[in-house]
Amino acid sequence: MMNKFLPAGRLRIALSILGVFLVLGFAWVVIDQRTMAGSQGETGTLEKMIVAGGNAAMDVDLNKLNGNKTRARNARINFELETNAFFKTLVFNEEFRGALPSSVKITTQESTNFPAKLHDSIGHLVFESLEWGGQYEFVIRDSNTGFIFFNVEGQEYEYDPNVRLLNIKGGRMLISDEFAAEMKRPSDAGAIVGTINIAATLRPIEVTTVINGETEANVLPAGAGTETNAGSVPGPDVVVGDLTGLAQFGSSAGTQVGLAVGTDSCNFGTVDLNWFANPSNDHPVIPQNLYRMKGGAGNSDTFEQIGQSSVKHAFTALTNNICALGCNGIGGSRLGSGCSDPYGASLNSGPNLGSRAWINPFTGAYPRNDSATPNNNHTGHTHLGPTHRILTEIADLVPAQNVGATYYAESQYVTPHEYVWCQANPTQCNMNNNVSYRRYNVTNAASPFSFSAAAATVRMKTALTAWTGASIVEFRPDPVNDGVAAIGYKVTNPSPGVWHYEYAIYNQNLDRAIQSFGIPVGSGVTITNAGFHAPPQHPGSTADGTVGSAGYSNAAWNSSNSGGVTTWSSETFAQNPNANAVRWGTLYNIRFDSNRPPANVNATVGFFKTGAPMTVQIQGPSTPTAAFVSVSGRVTNAAGQGLGGVRVSMADLGGVIRVSTVTSSFGYYQFDNVATGAMYSFTPVSKRHTFTPQTIAVNDNLTDLNFTALP
């Protein structure tokens, strides 16, 4: 991870890689300063801090830690932090920006009842901030051997700039894989045995002051900042280069929890991307989403969004190189060509996250934070565990209630600079590739939940593309003036004569939003077991951008049938501007069973704010083409041999036998002139064998209605 800095609006500077610091013994040198295009400049102070002193406290369930399954035996162990420890942090304009890879020694004089391995290391434990990209931001390890005892997740930050006091609160301590193996309890890996809280007084070791875009001093290691533009895509092009560290933050509230995932942005473009922090309205905003795939034999029948967060307002770009493009060294108020900028899950958990409602996801426009309509207002409401974070129902995460389910964290960078550049350079428009996702597993049985990454980040793809076996159709109602959306669909045949239709309506960056979805339903087509699903909306709060600060509705869509089309819809914009439309960064589901097999149909998509409806070709129930069809099959014994002379009857649901026939010597039978659009029960009868009747809907010719004698 590279050091943090704020460059001049007209200076090109570069930052060091921490590994270089270590090699050079933290020596700093000044590099050449060059001009950087652009007239905007920031004023502020970037402070690189270390720990002057402080304390830590572990609240540990000693029985659970020692493998004792009896009731909890909680104890608090107090630690002192090493003074003047090079546990390095960054603060910009008095806002905590994060910790660099480094550690601080924690010591205690208290007696402990720890397992032997941990007890032997009690004199040389460190609390360590890790390199970017792993599941955890912090660990507790032995400084002499490197042995990791605990991974730490779910921590929250509070920083008081008046006294330079950093509080790291509520970090959950998870037994590491190696500690579980050492204790010969491998199944305890990932178990939560307590929390750690740290109160650290910081002191600056380097201060960079910028006034009206002019940097007073930058001390840098040799060789930094000499790269040329490293991206290859014309224009600015920010993408989510990596997602990491999905975790629960804070406690549950009612039936819901709040999650967050770390994100690392990469500029694939040849143009440095504007990154001017609030109150400016020229920086990326970062929402986070969570999806779940489950159901059916392959655990892939449904794909649902189960959570969404408010947005992180980006500030102070770093100059990392996680996408291996070759960062050009520009940071601070711009993300340089080829450079990357990380936000850990702790930073993305807020609580200073802004409402999505202010943002046009295609143009990237939103109000300044010092305007009459600030983009990030936190007055008049209380921050609970789920507030602003990925708001998720506990029931959607509990493994026992979601057997075989897989989870996908997704993030998106929305920025005005790409749109402005696109307007001036119409062949260099990069607004539609800013979404990436990563698969995760849930590792705890109940809240607080922990997660483990199950695959690498998939860049520049929406999570919807992870839906196994589904077809996905993108549509753009107005490519010049608005973004892109998609319909994913999957048709299964759970039983003879019944087809299940599953639709996922996803809005990536359509500002107009989606208000309705219609499917043609011809004569002879029946729809049953219809369902609707949408992620929970965050409650309204003061100046959140919704009408009356009421928040968006959670009302389920209603269905209606007119003119041979069944339509599901929210309220219209005129009826309720806060209606539960499919807004940007969300995915809604429509599902139903039908008596008809699939065929290509034109679905109708209606929009919420503006624009005429449009059709999108997907699959839906086919319309019967014949009034009468044939039904045939074979009757066999358990060994698969055809059984002749078996009488097969066809009855209506009232039990009235319409017709019967006798199988041939090879076990085959056939009914002709069967009326379509009805349910029938088919029953074989034999003196020597017993069969299970089948009840199915007949809509087309059936050639495989087979029966096997029970053993």
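Note that this note's numbering has the sequence shown beginning at 465, numbered continuously upward. A virtual CB, placed ideally from N, CA and C, is assigned to each residue, including glycine.
Note down the Cα distance separating residue i from residue j, rounded to an integer number of angstroms.
i, j, result
"A520", "F732", "41 Å"
"R853", "N753", "9 Å"
"L861", "A998", "16 Å"
"Q772", "Q1001", "8 Å"
"Q720", "G828", "30 Å"
"E601", "G718", "28 Å"
"F1223", "N742", "Absent from the model: residue 1223. The displayed extent of the chain is 465 to 1175, so no value can be given."
"P983", "P825", "The amino acid at residue 983 is misidentified as Pro; the sequence shows Ile. The alpha-carbon atoms of I983 and P825 are separated by roughly 28 Å."
"V955", "I1082", "11 Å"
"T1030", "T509", "59 Å"
"A1067", "V1080", "5 Å"
"N896", "V948", "7 Å"
"K533", "D525", "11 Å"
"G1131", "V1110", "8 Å"
"A781", "S801", "12 Å"
"R923", "T572", "45 Å"
"G961", "G1118", "18 Å"
"G587", "G635", "21 Å"
"A761", "G849", "35 Å"
"A859", "Q865", "7 Å"
"E620", "N1059", "52 Å"
"A1102", "F1171", "10 Å"
"V1093", "Q1134", "11 Å"
DSSP on residue i, reduced to helix/strand/coil?
i, result
"S1096", "strand"
"T907", "coil"
"L848", "coil"
"V1209", "What is shown of the chain runs 465 to 1175, which leaves residue 1209 out entirely."
"P880", "helix"
"E670", "strand"
"W596", "coil"
"E646", "helix"
"D1168", "coil"
"S651", "helix"
"D728", "strand"
"V1110", "coil"
"L811", "helix"
"S585", "coil"
"T1030", "strand"
"W739", "coil"
"L1174", "coil"
"I858", "helix"
For residue i, count the other beta carbons within 10 Å of its own beta carbon; 16 or more makes it buried, fewer makes it exposed. Which is it?
i, result
"N1182", "Residue 1182 lies beyond the range of the chain shown here (465 to 1175); nothing can be said about it."
"L561", "Note on residue identity: the sequence assigns Arg, not Leu, to residue 561. Classification of R561: buried, given that the 10 Å Cβ count is 16 or more."
"G1028", "exposed"
"D1168", "exposed"
"M1143", "exposed"
"T690", "Confidence at T690 is low in this model, with a pLDDT of 36, below 50, so its placement is unreliable and no value can be given for it."
"L479", "Residue confidence is low: L479 scores 35 on pLDDT, short of 50, so the model does not pin down where it sits. Its coordinate-derived value is still stated next. By the 10 Å Cβ count, L479 comes out buried."
"P1157", "exposed"
"I669", "exposed"
"H583", "exposed"
"P943", "exposed"
"K1151", "exposed"
"I444", "This structure gives no information on residue 444, because the portion of the chain shown stretches from 465 to 1175."
"I978", "buried"
"D1116", "exposed"
"I1121", "exposed"
"G709", "buried"
"P751", "buried"
"L545", "buried"
So residue i packs on residue j, CB below 8 Å; how close in whole Å?
i, j, result
"G597", "I786", "7 Å"
"S1129", "G1108", "4 Å"
"A664", "V515", "5 Å"
"Y877", "N898", "5 Å"
"L1051", "A968", "6 Å"
Residue i: which of the options sits nearest, CA to CA?
i, options, result
"G654", "A711, V1080, E546", "A711"
"T609", "V590, A1014, P625, E595", "V590"
"S696", "V725, D736, I660, V627", "D736"
"N1165", "P1148, T1140, T1154, T1172", "T1140"
"P1062", "S1017, E592, Y965", "Y965"
"L707", "S804, S1094, N631, H777", "S804"
"N840", "S875, S774, P850", "S774"
"Q769", "Y901, T1100, I794", "Y901"
Comparing the CB of residue i with every heavy atom of the ligand GDP, is any distance shorter than 7 Å?
i, result
"T921", "The ligand GDP is not part of the structure shown, which contains no ligands of any sort."
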